[in-house]
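In what follows, a single structure is set out as structure tokens and then discussed.
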Amino acid sequence: MFSLLATIDPVAFSLGPISVRWYGVIIAAGIVIAFLVGQREMVKRGLHNEFLTDLLIWAVPLAIVGARIYYVAFEWEHYKGNPGEIIAIWNGGIAIHGALIASVIVAYLFTKKRNTSFLRVADILAPSILIGQAIGRWGNFINQEAHGGEVSRTFLENLFIPDWIINHMYIDGAYYHPTFLYESMWSLVGIIILLLLRNVNLVRGEMFFFYMIWYSVGRFFIEAMRTDSLYVVGELRAAQLVSVIAIVIAVVLIVYRRVAIKNPPHYKDN
1 MFSLLATIDP
11 VAFSLGPISV
21 RWYGVIIAAG
31 IVIAFLVGQR
41 EMVKRGLHNE
51 FLTDLLIWAV
61 PLAIVGARIY
71 YVAFEWEHYK
81 GNPGEIIAIW
91 NGGIAIHGAL
101 IASVIVAYLF
111 TKKRNTSFLR
121 VADILAPSIL
131 IGQAIGRWGN
141 FINQEAHGGE
151 VSRTFLENLF
161 IPDWIINHMY
171 IDGAYYHPTF
181 LYESMWSLVG
191 IIILLLLRNV
201 NLVRGEMFFF
211 YMIWYSVGRF
221 FIEAMRTDSL
231 YVVGELRAAQ
241 LVSVIAIVIA
251 VVLIVYRRVA
261 IKNPPHYKDN
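In UniProt numbering, the protein residues as written are 1 to 270.
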């Protein structure tokens, strides 16, 4: 028998009748850290120091809306019979791909209105996006959600991860793949690569396209382990389909821009 630590309380603290959950605290921390990293690089690249703040005022709330719409769309069989639950986001049910799609749309429209290159901004923020995702996945850990299939404790111990993670992956009498950890570590490696690529001075857009490819490759394989996937039809998982589409789009755009555009701008160009 293995002695188990008490599971981590998902409530960080309470203010009277209001409970503040670790999930929200972690997501907020991810946004703040991502902002600080992105802000520093934006100023360094010559953009106004309030540009990112103005963008996030629109992007963050609309990303939450996009994440909810995406989730509801793929769970429509349930929500069409329970329309009152559509806005009940506090009961769970958001999807990162929905947030990313909404954020890209908002950023594109915002940069267009500010007469600034979308790809320039996207390149600068690519590492920050992964930072937010890497940190945010730990909110899933606290909630004991977004995990993979059942495994043994020995399997988890062989991953050389701390006992407090292993203990918290003990859910309803069984241990599960810590897919949140796999994705967080994959994102962390991607962050390091992207920060190094800043010195390579790639063609404008390729930092962001690399992010699309890197995250999508990892998500494709990690998604196959998860037990809470959204499905398009049959056994076709939505996240895997979106990942393949994102990879194809990124590769096509990299090749097209390299071939079709003469003397394209680079990352360090203003």
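Yeah, the Cβ is synthetic: ideal placement off N, Cα and C, and Gly gets one too.
- Looking only at 54, 206, 177 and 268, the smallest Cα-Cα distance to residue 224 is reached by 177.
- According to DSSP, residue pairing for residue 170 in a beta bridge involves 175.
- Here residue 238 really is in contact with residue 74; their C-beta atoms are around 5 Å apart, less than 8 Å.
- Between the beta-carbon of residue 136 and that of residue 8 there is about 16 Å, and that puts the pair past the 8 Å contact cut.
- With a cut-off of 8 Å on Cβ pairs, the region 251-267 is not in contact with the region 218-233, counting fewer than three such pairs.
- Straight through space, the alpha carbons of residue 11 and residue 183 are spaced by roughly 23 Å.
- A straight line joining the alpha-carbon of residue 18 with that of residue 95 spans about 25 Å.
- Within the same chain, and ignoring the five residues on either side of residue 187 in sequence, the residues whose Cβ sits closer than 6 Å to its Cβ are 130, 133 and 134.
- Pairwise C-beta distances place the region 103-118 in contact with the region 47-65, as three or more of them are shorter than 8 Å.
- Distance from the Cα of residue 146 is smallest, within the candidate group 242, 81, 93 and 106, for 93.
- When DSSP assignments are scanned along the region 144-218, the uninterrupted stretches of beta strand (DSSP E) that are 3 or more residues long and fall wholly within it turn out to be 174-176.
- Leaving aside the five residues that flank residue 140 on each side, the residues in its chain whose CB is nearer than 6 Å to its CB run, in chain order, 146 and 180.
- In the structure shown, residue 12 adopts extended strand secondary structure according to DSSP, grouped into three states.
- Between the beta-carbon of residue 66 and that of residue 99 there is about 5 Å, and that keeps the pair under the 8 Å contact cut.
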